[in-house]
Structure formats: C-alpha cells, structure tokens
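A.B. asks:
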Amino acid sequence: MGREVVARSGLLARGVLYVLVGVLAIRVAFGEGGKEADREGALQELTEKPFGGFLVWAVGIGLVCMMLWRLSEAVFGAAGPDGRKAGKRLAAVARTVFYAVVAFSVLSFAAGSGSGRSGDEQSRDVTAKVLDLPGGPWWVAAAGAAIAIGGIVIAVQAARRTFRKDLAMYGTPAGVRKAVEFLGVTGGVARGAVFAAAGAFVVYAAVRYDPAEAKGLDDTLRAFAQTPAGPWLLVLVAAGLVLFGLFCWALACWRRV
17 MGREVVARSG
27 LLARGVLYVL
37 VGVLAIRVAF
47 GEGGKEADRE
57 GALQELTEKP
67 FGGFLVWAVG
77 IGLVCMMLWR
87 LSEAVFGAAG
97 PDGRKAGKRL
107 AAVARTVFYA
117 VVAFSVLSFA
127 AGSGSGRSGD
137 EQSRDVTAKV
147 LDLPGGPWWV
157 AAAGAAIAIG
167 GIVIAVQAAR
177 RTFRKDLAMY
187 GTPAGVRKAV
197 EFLGVTGGVA
207 RGAVFAAAGA
217 FVVYAAVRYD
227 PAEAKGLDDT
237 LRAFAQTPAG
247 PWLLVLVAAG
257 LVLFGLFCWA
267 LACWRRV
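Per the numbering used here, the sequence shown starts with residue 17, numbered consecutively.
The structure is reproduced here in structure tokens:
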C-alpha cells in the first residue's frame, strides 16, 4: 500500500510540471511568453496561484515520492513478470537519481534557496565545466547521445503503445481506454522529441567545443519555432507535453505499481 501511494503521488506531481511547461510553451509560441518554458518557469507560474507556496511544496514532496517509488523498483523489482531483471533495476536506479535531482531542485525553490538560474543557464554551466575536464568533449558528446537516444526510445515506445502493459484498466469503458491511449501516444512522442532535440544540441556543443550551443528545456522548445514549420511546430510539441501531463494523471489512476 505504501508503494502504491508514493507512486501515484509522484505521477500526479510529474503531471503538474508537464502541464505547466506545456502551457508556458504554448504562450511562447504565440508571443506571450513572460516566463521560461521549463521547470523554473512552471514553479514560478504555480507560486502565482492561490495557495501557490503550498502547491510548490506539494509538487516537491510528490517528486520525492516519485524518487522513492523508483528506488523501491531498483531494490525490490518493478511490477510485471520481468520487473526483477537487471535491465529494469538499472533503469530504476537511473530514474531514482534523476528524480532525486529534480526533487531537490523543486524543494530548494520552495524553500527560497534555489540557484535562481534558468535551466538554460544551468545547462550551459554544466556543459562548460565538463568540457574543461580531460576528454571533456567526449564526455559531453556521450551524454548528449544518451539523452538523444533516450528521447528516440521514448517516442518509439509511445508510438508502439508499450505502456499498455503497465495499465490496469479492466472493466473501464472502451472510450476511456482509447482516450488514455491517445494521451500516451501523443504525449510520449512529444516528450521523446524534446529529449531527442535537447540531446542533439548537447552533442553539437561538444563538436563545436562551445557550451553556449547546449540548450535547456526552454531554449530547446523555442528551437522548434525556428524550424521551417515556424511557431506551429512548437504549438504541436507544447500541446503534446500538456497531453503527457494528463497521461501522467491517468497513470496515477490506472498504472500497475
């Protein structure tokens, strides 16, 4: 029961961030972007809502729950017949570290002790530091390639609807199941596209030996608007992120944990 509570709380919190980032990115596409379309911008947007400070703390605690859920999968195995395989456990370890970093960032923001720097600035700073290490460009290129490949995998898995095996929707009306599948496919493909683009920019920064070429989430999303498709591609991707946030909320209801 405890594992189920932390998993569903974590999925709810993740959904909040994706919905807010997607909404901010849509505003950017239509020239109304006062805030950056990234985690910091989403948290700033949240603080302006009624009980905003409480909501930010709730999201941070939810992300701690997400970390604890992934940690439990690494230690005890995930749900499903192959949940105890080494590959699944290793992936759970990586997700545990990722959500630990994200949760720390959100809780630091809630406590007023965050860096105050945007995700784009932080991305450039980290890239610059790694580039200065022995073999730095290779490390940066490897990290960028891993992010890009991860994004492609996310998009392909979403398109193939592999998430269906993790859903427990027996007895749910067919219309609801189709709606959840739509959210999973469109949201997952958009999320994968963002990861793939961000990774490609990191690789480019390594090739150019220029940390300024590395982009955080906000700059990556804005880059979609600079393609021949213009702002409409950004609108599509941003809408996809909103849909992925809604899919996270659906997972909070029906995911096997």
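Glycine is no exception: its CB is placed at the ideal position from the N, C-alpha and C atoms. Predicted, not measured: the structure shown is a model, and the values here were computed from it.
Given this structure, state the Cα-to-Cα distance separating F263 from V196, to the nearest angstrom.
C.D. replies: On the sequence shown, residue 263 is found 247 positions in, with the first residue counted as 1. On the sequence shown, residue 196 is found 180 positions in, with the first residue counted as 1. When rounded, the distance between both Cα atoms is 7 Å.
A.B. asks: With distance defined between alpha-carbon atoms, name the residue in A214, F198, A222 and E56 nearest to F120.
C.D. replies: Here residue 120 corresponds to residue number 104 of the sequence shown, with the count starting at 1. When only C-alpha atoms are compared, the closest one is E56.
A.B. asks: Mark E89 as exposed unless 16 or more other C-beta atoms lie within 10 angstroms of its C-beta, in which case mark it buried.
C.D. replies: Translated into the one-based positions of the sequence shown, residue 89 becomes position 73. Flag for E89 reads buried.
A.B. asks: What ranges does the alpha helix (DSSP H) occupy inside the segment 45 to 97, keeping only unbroken runs of at least 4 residues that lie completely in it?
C.D. replies: 55 to 63 and 68 to 92
A.B. asks: Counting C-beta neighbours from all protein chains within 10 Å, is the total for T188 16 or more, i.e. buried, or is it exposed?
C.D. replies: Along the sequence shown, one-based indexing puts residue 188 at 172. T188 comes out exposed.
A.B. asks: Closer than 8 Å is the cut-off here; do at least three beta carbon pairs connect the segment 57 to 66 with the segment 33 to 49?
C.D. replies: Touching, per the Cβ criterion.
A.B. asks: Taking DSSP as the reference, what is the three-state secondary structure of R43?
C.D. replies: Here residue 43 corresponds to residue number 27 of the sequence shown, with the count starting at 1. Here R43 sits in helix by DSSP.
A.B. asks: Do T112 and M82 have their C-beta atoms closer together than 7 Å?
C.D. replies: Here residue 112 refers to the residue found at position 96 of the sequence shown. Here residue 82 refers to the residue found at position 66 of the sequence shown. Their beta carbons are not under 7 Å apart, which means T112 does not touch M82 by this criterion.
A.B. asks: State the beta-bridge partners of L36 as determined by DSSP.
C.D. replies: Translated into positions along the sequence shown, residue 36 becomes position 20. According to DSSP, which records beta bridges pairwise, L36 is partnered with nothing at all.
A.B. asks: Pick from P97, L123 and A45: whose alpha carbon is nearest that of A74?
C.D. replies: The residue labelled residue 74 in the question sits at position 58 within the sequence shown. With distances taken between Cα atoms, A74 lies closest to L123.
A.B. asks: Okay, do the segment 141 to 151 and the segment 219 to 231 touch, 3+ Cβ pairs below 8 Å being the bar?
C.D. replies: Judged by pairs of C-beta atoms under 8 Å, the segment 141 to 151 touches the segment 219 to 231, as three or more such pairs exist.
A.B. asks: Could you tell me the distance, in whole angstroms, from the CA atom of F210 to the CA atom of F125?
C.D. replies: As a first step, residue 210 must be located in the sequence shown, where it is residue number 194. As a first step, residue 125 must be located in the sequence shown, where it is residue number 109. The residue asked about is misnamed: residue 210 is Val in this sequence, not Phe. Answer to the nearest angstrom: the Cα atoms are 24 Å apart.
A.B. asks: For R271, does the three-state DSSP call read helix, strand or coil?
C.D. replies: Residue mapping note: residue 271 aligns to position 255 of the sequence shown, counting from 1. DSSP places R271 in the strand class (E or B) of the three-state scheme.
A.B. asks: Can you round the beta-carbon distance between V219 and A161 to whole angstroms, since I take them to be within the 8 Å contact cut?
C.D. replies: Within the sequence shown, numbered from 1, the residue matching residue 219 stands at position 203. Within the sequence shown, numbered from 1, the residue matching residue 161 stands at position 145. Cβ-Cβ separation between V219 and A161: approximately 6 Å, consistent with a contact (criterion under 8 Å).
A.B. asks: According to DSSP, simplified to helix, strand and coil, what is L149?
C.D. replies: Taking the sequence shown and counting its residues from 1, the one referred to as residue 149 is at position 133. The answer is coil: DSSP assigns L149 none of H, G, I, E or B.
A.B. asks: Excluding the 5 residues flanking V22 on each side, which residues of the same chain have their C-beta closer than 6 Å to its C-beta?
C.D. replies: Within the sequence shown, the letter at position 6 stands for residue 22. Closer than 6 Å at Cβ, skipping near neighbours: C81, L84 and W85.
A.B. asks: Could you tell me the alpha carbon to alpha carbon distance between Q173 and A216, rounded to whole angstroms?
C.D. replies: Mapped onto the sequence shown, residue 173 falls at position 157. Mapped onto the sequence shown, residue 216 falls at position 200. Rounded to the nearest angstrom, the gap between the Cα atoms of Q173 and A216 is 19 Å.
A.B. asks: Leaving out five residues before and five after L149 in sequence, what residues of the same chain have Cβ atoms less than 8 Å from its Cβ?
C.D. replies: Position 133 of the sequence shown holds residue 149. W155.
A.B. asks: I'd like the list of long-range same chain contacts for A45, defined as Cβ closer than 7 Å, with 5 residues on each side in sequence excluded.
C.D. replies: On the sequence shown, position 29 is the one that residue 45 refers to. Taken in chain order, the residues that qualify are A241, P247, L250, V251 and A254.
A.B. asks: Alpha helix (DSSP H) containing T188: first to last residue?
C.D. replies: Reading the sequence shown from its first residue, position 172 is the one you call residue 188. Where T188 is concerned, there is no enclosing alpha helix (DSSP H), given that its DSSP letter is neither H nor E.
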